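What follows is a single structure, written as structure tokens, with notes after it.
Numbering (my numbering), first residue to last: 121 to 453.
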């Protein structure tokens, strides 16, 4: 990774250090065949920018079929919190395994104009995990992060792309599985309000930041703009049983499990430590299973709009105050 493209942060702004234990570092699971399959899947997938509504051809039929079988509607996580240029939704058809992007057009009289899709995407394959999309999809600035078991997709719904693909690749490979010993969890992806993408790697002990302005419009990887080292207190080095992460808007939560659970909160907008929370219980990983029995994590943390409360759930739901760090409520799900 060239120094011209990277501004490395080696100061103490994050105030969290994770022990760099060589036993915890491992190469990405998989082999060349899996990599070739991944490339082939991208090639089989369909990406079309709809400059105009197509005539009654095969694509027109697929779009009409999609409209009649919409299973999910995804809205930007910062919708109405930022500028109106993020007024965009994506619909998903479970029957057709496809996505449509829809600009939300509001006229001067504050009336909604007739909606017309501008980007069509069909993914191949998604391994029967599609009913769980609610828990793994983020949409920001017309970029969708789709995170399913052992697979991460990044789809650009901006219709200014000059290439024939809308599938983005990050410069740093996304770890989709835990470390070999199970101590450190998979990577977490999130977005800041300005559209910058955040990749948290517990295995590499890094936070990678990708500026929206550096997003490629054609083929090529999205270059990382800044790298931050993760640090945790020496007292926790080698002491935790599991370490997981969750991003909710601009907040990063590190979930440290031992005989009790420590939750560390970091503000990703300025990469500073904010607060920590302690639960006397051991907060378990929340798993879902597809029809083939494969397990994967549910997004564990949600916040209220005013960012005064957050909740995390396993067999119990825990609600914490983000103002004083106290556990307010614990109840059986």
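We put the CB at the ideal spot given by N, CA and C, even for glycine.
As the structure is a computational prediction, the values presented were derived from the model and not from experiment.
In this chain, the alpha helix (DSSP H) harbouring residue 180 covers 178 to 187. Excluding the 5 residues flanking it on each side, residue 219 has same chain C-beta neighbours closer than 6 Å at 210, 212, 241, in chain order.
The beta carbon of residue 396 lies closer than 8 Å to those of 382, 383, 384, 385, 445 in the same chain, with the five residues before and after it left out. Per the coordinates, the alpha-carbon of residue 289 lies some 24 Å from the alpha-carbon of residue 193. For residue 274, the uninterrupted beta strand (DSSP E) run begins and ends at 271 to 276, by DSSP. When secondary structure is reduced to three states using DSSP, residue 377 falls in the strand class. CA-CA distance, residue 285 to residue 340, rounds to 11 Å. Counting along the chain, residue 332 sits inside no beta strand (DSSP E), nor does DSSP assign it H or E at all. Taking a cut-off of 8 Å on C-beta distances, the segment 262 to 272 touches the segment 302 to 311, as three or more cross pairs fall below it. Distance between residue 437 and residue 342, taken at the CA atoms: about 37 Å. Ranked by Cα distance from residue 301, the first of 166, 400, 361 is 361.
Sequence-distant Cβ neighbours of residue 278 in its own chain, meaning closer than 7 Å and more than five residues away, are 262. Taking every protein chain shown into account, the CB of residue 185 has fewer than 16 other CB atoms within 10 angstroms, so this residue is exposed.
Between residue 443 and residue 427, the alpha-carbon positions lie close to 9 Å from each other.
C-alpha of residue 316 to C-alpha of residue 177: approximately 38 Å in a straight line.
Secondary structure note for residue 211: its beta strand (DSSP E) is the uninterrupted segment 208 to 213.
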